[in-house]
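> I have a structure here, written as structure tokens, and I will follow up with some questions on it.
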Amino acid sequence: MKLSFILNGATVRLDAEPDRRAVDLLREELGALDVKEGCGTGECGACSVLVDGVQKLSCLMLAAQLEGRTVVTAAGLGTAEKPHPVQRAFAEHGAVQCGFCTPGMAVAAAGLLAENPAPAREDIRRAVSGNLCRCTGYVKIIDAVEAAARELAARKGKTEDAR
Amino acid sequence: MNVLTPRELPELFAALAAPGARVLAGGTDLLVRLRADLRQGRKVPSSLVRLDGLEELCGVAREPDGALRLGAATTHAGLLAHPLVRVELPVLAAALADLGSPPIRNMGTLGGNLCTASPAGDTLPPLMVLGASVELASAAGVRRMALADFITGPGRTRLAPGEIVTAVLAPSAREFAVRHFEKVGRRSALAVAVVSLAALLRLDARGKAVEARLAWGSVGPTVWRCPEAEAALLGQRPTLTALKRAAAVVRARVQPIDDLRASAAYRSEVAGNLLLRLAAL
Ligand SMILES: Cc1cc2nc3c(=O)[nH]c(=O)nc-3n(C[C@H](O)[C@H](O)[C@H](O)COP(=O)(O)OP(=O)(O)OC[C@H]3O[C@@H](n4cnc5c(N)ncnc54)[C@H](O)[C@@H]3O)c2cc1C
Ligand code: FES
Ligand code: FES
């Protein structure tokens, strides 16, 4: 089928098998290697992407389900020059060890902060509860998301002061 | 497999009439199963027919009789975010809040949970105590039946070929003072229920139970009810003493199985003990 959707801000158009898994399409056709496949069965969250702003699992989605959507992967959250607060906080707080879970975690965290800019620690724990990490023990990940929320609040304060 | 996205019910029924066509809702059960089937060389559907193109299958509305109409293709997260569900169906909301994980709740739907008809399906015990029914539709027309009749066994329902679940109709639980759902799993997120209990108690002015509805998940091939334990609670205040008596009735009657998640003995102990929690409510 002819498929068209927005991936990390750019419109992509391609021919795809409608039953191709979204994770395979993103990685193999579109080079989005930041989307990881851990389990392939919905259990680990490594393949998480934001679809219209909502965390979904690309291992349990088919190409046809991306048609007309806006998809953001971890790499699309920010750039090296202008990282998303979550990306910066993960790097600064030691929330990354092997890094395999990191893109999915970052996507889950960014999805949370878009919806709830001032989450309690428990909200953060729940928000990343579909993402498994074999390395960090989660504490530093949750610290990082808290720090990202603080940075977002500070930025918002600044833009409001400027007005 | 072709993937079809009908926009209207007649188009959906036409698509489902094709040989080998299968309904695809959130895909959190179906796509896991299909991948295993593909790997093992088993037959897979010739086409998948999506439900998410049909707005009429999504959302929450009030029926003329006061019950809530829950669109079958509404996601768990969508239901949880709805104030009517939280206020009037807290026993269902509690089950949805711990179903799978955030992305699973963003994708999985109520209709999918019912049609999978797993013994551990988390929405089933709450919907059973609520006395919910399902609305089914096919090219032949619309029919309704009690959820208790719809689910006939593990993975088995009364769904006819070419038929879909369009909505769940759930009467409000506002008149029940005690509303409770609890799932015991091996961990708190992404846990398949080892045992779960949904309970509704209606109390009179003196706090005595005039109606008790109890339903357990994961202790039998499908949701398990225990009329004897319900009867044991009638006319009683839900004190620890009364609940312990009912719990003994439960343990004597429940017949769970051993599996990789828990032993039968553990399950029957917990099936009784979950009742004791009602004392604290
Ligand atoms: C990691 C993981 C964790 C999970 N955790 C839980 C959990 O804690 N508790 C729990 O209960 N479940 C859990 N599940 C199972 C699953 O997420 C739920 O059962 C979910 O509600 C299924 O809905 P779906 O929309 O994804 O169904 P799908 O996978 O799209 O469909 C499931 C089946 O139902 C049929 N179907 C779907 N909708 C309809 C309809 N409206 N009419 C007719 N047929 C229909 C499909 O053809 C298919 O046979 C989990 C799954 C995964 C992958
Ligand atoms: S790869 Fe998708 S959830 Fe694990
Ligand atoms: S950093 Fe290695 S899995 Fe999370």
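Sequences listed follow chains A and B, in order. The opening residue of the first sequence carries number 9 in the numbering used here; numbering runs sequentially from there. The opening residue of the second sequence carries number 8 in the numbering used here; numbering runs sequentially from there. For each residue, glycine too, the CB sits at the ideal point set by N, CA and C.
#1: I'd like to confirm the pairing. Which residues does DSSP put opposite D23/A in its beta bridges?
#2: Please return the same chain residues whose Cβ sits closer than 7 Å to the Cβ of L134/B, not counting the five positions on each side in sequence.
#3: What does the Cβ neighbour count give for A28/B, buried or exposed, with the cut at 16 atoms within 10 Å?
#4: Is P109/B closer than 8 Å to P161/B when the C-beta atoms are compared?
#5: Given a limit of 8 Å on CB to CB distance, which residues of the region 110 to 133 of chain B reach chain A?
#6: For the beta strand (DSSP E) that contains M152/B, what are its first and last residues?
#7: Would the C-beta of G48/A count as close to ligand 5, meaning under 7 Å from any of its heavy atoms?
#8: When you compare each of Q95/A, D23/A, G112/A, A88/A to S66/A by their alpha carbons, which one comes out closest?
#9: List the endpoints of the continuous alpha helix (DSSP H) containing N113/B.
#10: Given this structure, state the Cα-to-Cα distance separating A102/B from A253/B, to the nearest angstrom.
#11: Leaving out five residues before and five after P26/A in sequence, what residues of the same chain have Cβ atoms less than 7 Å from its Cβ?
#12: Could you check whether the region 115 to 127 of chain A touches the region 13 to 27 of chain B, counting it as contact only if at least three pairs of C-beta atoms, one from each stretch, sit closer than 8 Å?
#13: Suppose contacts are defined by Cβ-Cβ distances below 8 Å. Is A80/B in contact with L58/B by that definition?
#14: Determine whether the beta carbon atoms of R112/B and L87/B lie at a separation below 8 Å.
#15: My parser needs the beta strand (DSSP E) runs of 3 or more residues fully inside the region 39 to 96 of chain B; what are they?
#16: Taking G224/B as the reference, give the member of K190/B, S179/B, L208/B with the closest Cα.
#17: Can you grab the Cα-Cα spacing for the pair E182/B / A167/B, in whole Å?
#18: Evaluate I132/A with the Cβ neighbour count: other Cβ atoms within 10 Å of its Cβ, from every protein chain shown; 16 or more gives buried, anything less gives exposed.
#19: Would you call the CB atoms of L210/B and V172/B closer than 8 Å?
#20: Nearest by alpha-carbon distance to Q61/A: which of F108/A, V80/A, A162/A is it?
#21: Just curious, the alpha helix (DSSP H) that N280/B is in, first and last residue?
#22: Check whether the Cβ of G53/A lies closer than 7 Å to any heavy atom of ligand 3, and answer yes or no.
#23: Against chain B, does K64/A count as a neighbour if the rule is that its beta carbon must be under 8 Å from one of theirs?
#24: Just to make sure I have the definition right: I need the residues of chain B whose C-beta is within less than 9 Å of the C-beta of L34/A. Which are they?
#25: Contact criterion: CB-CB distance below 8 Å. Does R29/B meet it with respect to chain A?
#26: Can you find a heavy atom of ligand 1 that lies under 7 Å from the Cβ of D129/B?
#27: Use the C-beta contact count for E95/B: other C-beta atoms within 10 angstroms, 16 or more gives buried, fewer gives exposed.
#28: Using a C-beta to C-beta distance shorter than 7 Å, which residues of chain A count as neighbours of T81/B?
#29: Beta carbon of V230/B: closer than 7 Å to some heavy atom of ligand 1?
#30: Leaving out five residues before and five after H101/A in sequence, what residues of the same chain have Cβ atoms less than 7 Å from its Cβ?
#31: Could you run through the region 191 to 219 of chain B and flag, in chain order, every residue whose CB is less than 7 Å away from some CB of chain A?
#32: Less than 7 Å between C-beta atoms, sequence neighbours within five positions excluded: which residues of the same chain meet that for K219/B?
#33: A83/A: which of C55/A, E159/A, G76/A, R77/A sits nearest, CA to CA?
#34: Kindly indicate the opening and closing residues of the beta strand (DSSP E) around Q63/A.
#35: With a CB to CB cut of under 6 Å and the five nearest residues on each side skipped, what residues in its chain are close to T144/A?
#36: Does the region 29 to 41 of chain A touch the region 87 to 97 of chain A, meaning 3 or more C-beta pairs lie closer than 8 Å?
Working from what's here:
#1: Locating residue 23/A in the first sequence gives position 15, where the first residue counts as 1. D23/A is bridged to K10/A.
#2: By one-based count along the second sequence, residue 134/B stands at place 127. Contacts found: L99, L154, V175, A177.
#3: Here residue 28/B refers to the residue found at position 21 of the second sequence. A28/B should be labelled buried.
#4: As a first step, residue 161/B is located in the second sequence; it is residue number 154 there, counting from the start. As a first step, residue 109/B is located in the second sequence; it is residue number 102 there, counting from the start. No, Cβ-Cβ distance for P161/B and P109/B is not below 8 Å.
#5: P110, I111, N113, M114
#6: Looking up residue 152/B in the second sequence gives position 145. Here the beta strand (DSSP E) through M152/B covers 148 to 153.
#7: Because ligand 5 does not appear in the structure shown, any question about it cannot be addressed here, the ligands present being ligand 1, ligand 2 and ligand 3.
#8: To locate residue 66/A, count along the first sequence from 1; it is residue 58. Of the candidates Q95/A, D23/A, G112/A, A88/A, the one whose C-alpha sits nearest the C-alpha of S66/A is G112/A.
#9: For the purposes of this step, residue 113/B is identified with residue 106 of the second sequence, where counting begins at 1. From DSSP, the alpha helix (DSSP H) with N113/B extends over 109 to 114.
#10: Start at 1 with the first residue of the second sequence, and residue 102/B comes out as number 95. Start at 1 with the first residue of the second sequence, and residue 253/B comes out as number 246. Roughly 23 Å between the two C-alpha positions.
#11: Within the first sequence, residue 26/A is the residue found at index 18, counting from 1. These residues qualify, in order along the chain: M9, L70, A71, A72.
#12: no
#13: The count along the second sequence starts at 1 and reaches residue 80/B at position 73. The count along the second sequence starts at 1 and reaches residue 58/B at position 51. Yes, these two residues count as a Cβ contact at 8 Å.
#14: Indexing the second sequence from 1 puts residue 112/B at position 105. Indexing the second sequence from 1 puts residue 87/B at position 80. Yes, Cβ-Cβ distance for R112/B and L87/B is below 8 Å.
#15: 54 to 57, 67 to 69, 75 to 78
#16: Here residue 224/B is taken as the residue at index 217 of the second sequence, counted from 1. G224/B has its Cα closest to that of K190/B, out of K190/B, S179/B, L208/B.
#17: For this step, residue 182/B is matched to residue 175 along the second sequence. For this step, residue 167/B is matched to residue 160 along the second sequence. So the alpha carbons of these two residues sit roughly 35 Å apart.
#18: By 1-based counting over the first sequence, the position of residue 132/A is 124. I132/A comes out buried.
#19: On the second sequence, residue 210/B is found 203 positions in, with the first residue counted as 1. On the second sequence, residue 172/B is found 165 positions in, with the first residue counted as 1. No. Outside cutoff.
#20: Walking along the first sequence from the start, residue 61/A turns up at place 53. In the sequence as presented, Gln is not what sits at residue 61/A; that position holds Gly. Closest option to G61/A, Cα to Cα, is V80/A.
#21: By 1-based counting over the second sequence, the position of residue 280/B is 273. Unbroken alpha helix (DSSP H) run through N280/B: 271 to 283.
#22: Numbered from its first residue, the first sequence carries residue 53/A at position 45. No, since every heavy atom of ligand 3 falls outside the 7 Å radius drawn around the Cβ of G53/A.
#23: Taking the first residue of the first sequence as position 1, residue 64/A is located at position 56. Yes - at least one Cβ of chain B is within 8 Å of the one on K64/A.
#24: For the purposes of this step, residue 34/A is taken as the residue at position 26 of the first sequence. By Cβ distance, chain B contributes nothing, its closest Cβ being about 15 Å from L34/A, past 9 Å.
#25: By 1-based counting over the second sequence, the position of residue 29/B is 22. No - not a single Cβ of chain A is within 8 Å of the one on R29/B.
#26: If you number the second sequence from 1, residue 129/B lands on position 122. It does: the Cβ of D129/B is within 7 Å (strictly closer) of some heavy atom of ligand 1.
#27: Within the second sequence, numbered from 1, the residue matching residue 95/B stands at position 88. Label assigned to E95/B: buried.
#28: Within the second sequence, the letter at position 74 stands for residue 81/B. Those within 7 Å of T81/B in chain A number zero; the least Cβ separation is about 14 Å.
#29: Sequence index remark: in the second sequence, residue 230/B carries index 223 (1-based). Flag unset: Cβ of V230/B not near ligand 1.
#30: If you number the first sequence from 1, residue 101/A lands on position 93. Around H101/A: K148, D151, A152, A155.
#31: A196, L197
#32: Numbered from 1 along the second sequence, position 212 holds the residue referred to as residue 219/B. According to the sequence displayed, residue 219/B carries Ala and not Lys. If we look at A219/B and ignore the five residues flanking it on each side, its Cβ neighbours are L208, E237, L240, L241.
#33: What you label residue 83/A is simply residue 75 of the first sequence in a count that begins at 1. Cα-wise, what sits closest to A83/A is C55/A.
#34: As a first step, residue 63/A is located in the first sequence; it is residue number 55 there, counting from the start. 62 to 65 is the extent of the beta strand (DSSP E) around Q63/A.
#35: Numbered from its first residue, the first sequence carries residue 144/A at position 136. The answer, listed in chain order, is Q105.
#36: no
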